[in-house]
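Position 510 of the sequence shown, counting from 1, maps to 510 under full-length UniProt numbering, and the rest follow consecutively. Even for Gly, the Cβ is constructed at its ideal location relative to N, Cα and C.
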Amino acid sequence: MQPESEQFPYVEYAMQRSPSRWNARVGQRRYLVFTVNFRLGLGAQPFPKMILRTRSVVLAALYAGSSLATSDSQRPLLKDFDALGAWFEEVAAVNATSGLQDAEQAKNTTIAIIGAGITGLATALMLDSVGVHNWEILEASHQIGGRLRTIYVGDTQEWAEMGPMRLPYKIKYKSDNATLEYSDHAMTFQLADWLNEMNQDSPTDLNISFIPWIQHSPNELLALGTGRHPDGSIPTRADIAANSSLGRPAPLNTQEYKDVKAKMSEILLNEETLREIQRDVWRVHGRTMKRGLDDVSQQSMMRNVWNASAEVADAIHGATDYDVFWDEMHHNSNLAQDGSKGTLGETEWRCVDGGFSRFSDAFQPHVQDRLVLNRQVRAIEAIKDDQNVVTGTKVSWVDVDSDRTQTKPGPQQSKTYDFTMLAVPFTMTRMMRLPSFSPTLSRAMAERGLRFKDACKVGLLFSERFWEKGDRPIFGGYSTPPDAAVGALYYPVYGHNESGRPGLILHYRGGDWSSRFASLSEEQHVGMVLDAIASLHGEQVRELYTGVYERLCWLDEPFIATAWTRPDVAQHALYIPAYHQTESNVIVLGEHTAPTHAWISSSLYSAVRGAVQLLLEIGLVDEAKQLSQRWMGRWMNME
């Protein structure tokens, strides 16, 4: 592999395009000849296999002078731009517009938005913001918000975040004390500001405000795989920081293990790369794909490229939850930076005061007149004219009652729309009858396509906050019990040192463990969590447990059946461009289609992408550029 500074050289390359494809877009010139900078992939690859991407100025030239009023074939479409990188900058560079009459007609396009999660809700309001109002949200459940799920436990002011619970805000690096904003997550704060502005005159309190999230506390009890004090007591995070011998040892201690681990860290924990991810995650994603890091798993890299032994490769791979390089790189840019020894810096976090369902509440007044709840979509069909051209979509559904007994739509349970925006995870679309999509998109949506992960959370309510007392009080953060199954036990980040206030400890386990927890009864699961808390804090805590709890395993959740997306090898580079292509007048969106996935900002990125994709499809180029600038402008002109 070449040094980092040499991996992406620019070369000048002259291209000739035949008039058959480009004549309509570049006027009457028979050829468009231009010189353009291309980013190359790994230099070791033969030239024909290199992935070449034009810069924005080139794509802008292709559309210069075009008039959208003349032909649909002249319209710039999102699929023409760099799906793996900065497509939004290429949209901004398009020099094309539509006539006023065409724009007014296009704004009456009928749109079905399937799913009232954060993606569907944000998509609707983004379309509203540019004058496209003829949309309708169809939601299978009885509520909006999707995986935003805040539950107040036991008629108290203690809230459990069963879905998202924190946002990376800033990071401070050790090497130079530089502080960087997490630019992708800035979209979530931008959404909050927008909703607050829209709701400022609301008679009810719909304001979204943020408070610090405490990711770690010095007195957390870390019992899993760690040493013990001479008296047998469990070390705290501060104890381990002061005495590394109390910490969790590495899986192996051989020189080969250390050498291979160092090579992995050069990719996964490169400070320059992580800083770039925090500043401009989308372009770094594109570069990572072009380097070929999506084409090989971490294990394959270690075994087949670096010739590591099976024992070493398995030890390194088994210590994380990742197979794909990009996913762990993105993880390492935020969650891995906890300020402890060996990390590059410390992430500063935020959460929503009162819980993330405040976002759902803030959306409600702006979508309720075009929202249908308890409507589960079972089929989407393409409507075609006599020339077999798709002119619209037919959406069929069942009305969800308490028994959920109806499975087949009746004759009155369908409606036609010009476009359908599919904003639900593939765990749900796999239950639908869909149009015949392209092979790539069909595989992505199929059972063996895009992978998903599960998560479980259990919140136990205690009559007092015993963990905030004594000589080692715990305020926020999480402890780890000695048994691996339970995972992390989170403490509240709010209401500290309030006399007489009850408290909630939240068990959180993701990935394969959560799929196993879904097989337990509620009583078994709650009992395991209580046992784990007692193993850390003493048997006396059982007397303080109120018997009140909340439990949610997302695998069991109707109409969702997943917690987040975890793409397999090659699924980023292959599937994401497929999402950028509208098929049968259906646009696929959701956090699972974003390069980052698994965060609220991923849902918002997807909403922007989906809305821009629709606007370009119906010829509203000015509106597409406006929306792209508003939400993606912070990353424009960064190269």
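Within a Cβ cutoff of 8 Å, which residues of the same chain sit near residue i, ignoring the five residues on either side of it in sequence?
i	result
Glu583	Pro435, Phe437, Ser438 and Leu441
Pro409	Arg378, Ala379, Ser396, Trp397 and Val398
Thr226	Ile234, Pro235, Ile240, Leu246, Gly247 and Arg248
Lys341	Ala241 and Ser244
Ala310	Arg303
Val526	Val458, Leu460, Tyr549 and Arg551
Arg542	Leu530 and Ala534
Give a yes or no on whether the minimum CB-CB distance between residue i and chain B is below 7 Å.
i	result
Tyr545	Of the chains in the structure shown, none is chain B; there is only one protein chain.
In chain order, what residues of the same chain have a beta carbon less than 6 Å from the beta carbon of residue i, not counting five sequence neighbours either side?
i	result
Gly449	Arg443
Val390	Ala382, Lys384, Ser584 and Asn585
Ala64	Reliability fails at Ala64, whose pLDDT of 42 lies under 50, so the model's placement of it is uncertain and the value that follows must be treated cautiously. So the list reads Asn95, once near-sequence residues are dropped.
Glu139	Ala116 and Leu373
Cys456	Arg509, Ser514, Phe517 and Cys553
Gly286	Leu84 and Gly85
Gln493	According to the sequence as given, residue 493 is Val; it is not Gln. Answer for Val493: Trp213, Ile214 and Gly476, listed in chain order.
Phe426	Met445 and Leu450
residue 675	Outside the displayed range of the chain (1 to 639) lies residue 675, so it cannot be described from this structure.
Glu617	Thr582
Ser495	According to the sequence as given, residue 495 is Gly; it is not Ser. The answer, listed in chain order, is Arg501.
Ile144	Ala116 and Ser360
Glu206	Here residue 206 is Leu; the residue named in the question, Glu, does not match the sequence. So the qualifying residues of the chain are Asn199, Asp361 and Ala362.
Within the continuous alpha helix (DSSP H) that includes residue i, where are the two ends?
i	result
Trp282	Glu271 to Lys290
Gly120	Ile118 to Ser129
Gln626	Val621 to Met632
Val548	It is not in any alpha helix (DSSP H) - Val548 instead sits in the beta strand (DSSP E) that spans Tyr545 to Cys553.
Val260	Gln255 to Leu268
Trp135	That residue, Trp135, is in no alpha helix (DSSP H); its beta strand (DSSP E) goes Trp135 to Leu138.
Ser98	Where Ser98 is concerned, there is no enclosing alpha helix (DSSP H), given that its DSSP letter is neither H nor E.
His317	Ala310 to Gly318
Arg609	Ile600 to Glu617
Arg443	Pro439 to Met445
Gln364	Ser357 to Val367
residue 640	This structure cannot settle anything about residue 640, because the visible part of the chain is limited to 1 through 639.
Pro577	Gln571 to Tyr579
His229	From DSSP, His229 is part of no alpha helix (DSSP H); its letter is neither H nor E.
Asp327	Phe325 to Asn332
Per DSSP, what are the beta-bridge partners of residue i in this structure?
i	result
Thr188	BP columns for Thr188 are empty, so no partner.
Leu422	Ile114 and Val588
Glu381	Lys394
Phe452	Thr565
Val372	Leu138
Glu583	Val586
Leu221	Thr236
Asp338	Glu346
Arg404	In the DSSP output, where bridge partners are listed per residue, Arg404 has none listed.
Arg433	Ala379
First and last residue of the beta strand (DSSP E) that includes residue i?
i	result
Lys394	Val390 to Asp399
Thr416	Ser414 to Tyr417
Gly345	Gly345 to Val352
Short of 7 Å in beta carbon distance, which residues of its chain neighbour residue i, apart from the five on each side in sequence? Order them along the chain.
i	result
Val529	Val458, Leu460, Val486 and His507
His537	Phe466 and Trp467
Phe81	Leu59, Trp87, Glu90 and Val91
Lys174	Leu344 and Gly345
Check your understanding: Just checking, does the region 366 to 380 make contact with the region 210 to 225 on the three C-beta pairs under 8 Å criterion?
Key -> no
Practice item. Please specify which runs of the alpha helix (DSSP H), each continuous and at least 4 residues long, are wholly inside the region 456 to 531, giving them in chain order. Key: 512 to 517
Check your understanding: Given 8 Å as the limit, is there contact between the region 104 to 113 and the region 160 to 180, that is, 3 or more CB pairs closer than that?
Key -> no
Practice item. Spell out a yes or no on whether the region 480 to 496 and the region 530 to 545 are touching, meaning 3 or more CB-CB pairs, one atom from each, closer than 8 Å. Key: yes
Check your understanding: At a cut of 8 Å, does the region 154 to 170 reach the region 395 to 404 through at least three beta carbon pairs?
Key -> no
Review point. If we count Cβ pairs, one from each stretch, closer than 8 Å, do we get three or more for the region 403 to 422 versus the region 610 to 630?
Key: Contact between the region 403 to 422 and the region 610 to 630 is present, because at least three Cβ pairs lie under 8 Å.
Practice item. Only counting runs of 3 or more residues, tell me where the beta strand (DSSP E) segments fall wholly within the region 142 to 216, in order along the chain. Key: 150 to 152, 159 to 161, 167 to 173, 179 to 181 and 210 to 213
Exercise for review: Tell me, please, whether the region 596 to 603 touches the region 180 to 190 by the rule of three or more beta-carbon pairs shorter than 8 Å.
Suggested key: Judged by Cβ distances under 8 Å, the region 596 to 603 makes contact with the region 180 to 190, as three or more pairs qualify.
Check your understanding: Counting Cβ pairs, one atom from each stretch, are 3 or more of them under 8 Å apart for the region 292 to 309 and the region 567 to 579?
Key -> yes
Review point. Using 8 Å as the Cβ pair cut-off and three pairs as the minimum, do the region 126 to 144 and the region 615 to 630 touch?
Key: yes
Practice item. Count the CB pairs spanning the region 349 to 362 and the region 188 to 204 that are closer than 8 Å, and state whether there are at least three. Key: yes
Review point. Any contact of the region 589 to 599 with the region 276 to 290, i.e. 3+ C-beta pairs under 8 Å?
Key: yes
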